[in-house]
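Read in order, the letters of the sequence shown are residues 3 to 131 in our numbering. Notes to accompany the following structure.
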Amino acid sequence: MKKEFKPPMTARERLAAMLFIPMHAFIVPLLLSAAFPHLAREGTGALLTLVSYTVSFVYILIIAFNYLRASFSDIFDGLWAAIRSVALGMLIYFGSNIAINIFLNAIIDKLVNPNSQAVAELLVAEPDS
C-alpha cells in the first residue's frame, strides 16, 4: 500500500531553511566573534570552522527535526533502494570524473592542477615557528 504524498516541509521549515545560508555565511561568524572574542582572535581555522558548523547543525536540527525524522524514516523503509541509489550515484560520479580526466588528458598536452601544486608547496614549506 502506497503512502499518501505530503509536502516534505512545512512553510515555516522552508522559510527557516532558506534563511540558513545567509545566516551560516554572515550571522554565525559575527555572533561567534562577538560572543567569544578570544576564540575569534586566537582560535585556529579548524576550531572556528568546527564551532561554526556545530552551531549551524544545531540550528538545522531545531528548525527541521520533523522533516529530517520523516526523511530518515523513508530511507529506512526502503533501505536497499537507498543503498543502491547512493552506490549508483557514486559510480556515476567517479565514472564521469575518470571520463573527463581521460578526455582532458587527450586534448591538453600537459594537464596541471593548480590545487595540487599549492598543496605540494605547503608540504615542502618550512613550518611557521
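Heads up, the beta-carbon is just placed ideally off N, CA and C, and yes, glycines get one too.
Best match in the options for proximity to residue i [C-alpha to C-alpha]
i, options, result
"N56", "Y69, L34, S73 and L21", "As written in the sequence, residue 56 is Thr, which differs from the Asn given in the question. For T56, the nearest C-alpha among the options comes from L34."
"F22", "G47, S54 and L41", "S54"
"P24", "Y61, S118 and E44", "Y61"
Simplified DSSP state of residue i, which is helix, strand or coil
i, result
"G91", "helix"
"G47", "helix"
"I77", "helix"
"M20", "helix"
"M25", "helix"
"F38", "coil"
"I85", "helix"
"T56", "helix"
"I110", "coil"
Cα-Cα separation, residue i to residue j
i, j, result
"R86", "I77", "11 angstroms"
"N68", "I29", "24 angstroms"
"A108", "M92", "24 angstroms"
"L106", "A42", "42 angstroms"
"A13", "A83", "29 angstroms"
"L17", "I65", "10 angstroms"
"H26", "D111", "42 angstroms"
"D79", "P10", "16 angstroms"
"L81", "E123", "44 angstroms"
Closer than 7 angstroms to chain E by CB, residue i
i, result
"I85", "You won't find chain E in this structure, because it holds only one protein chain."
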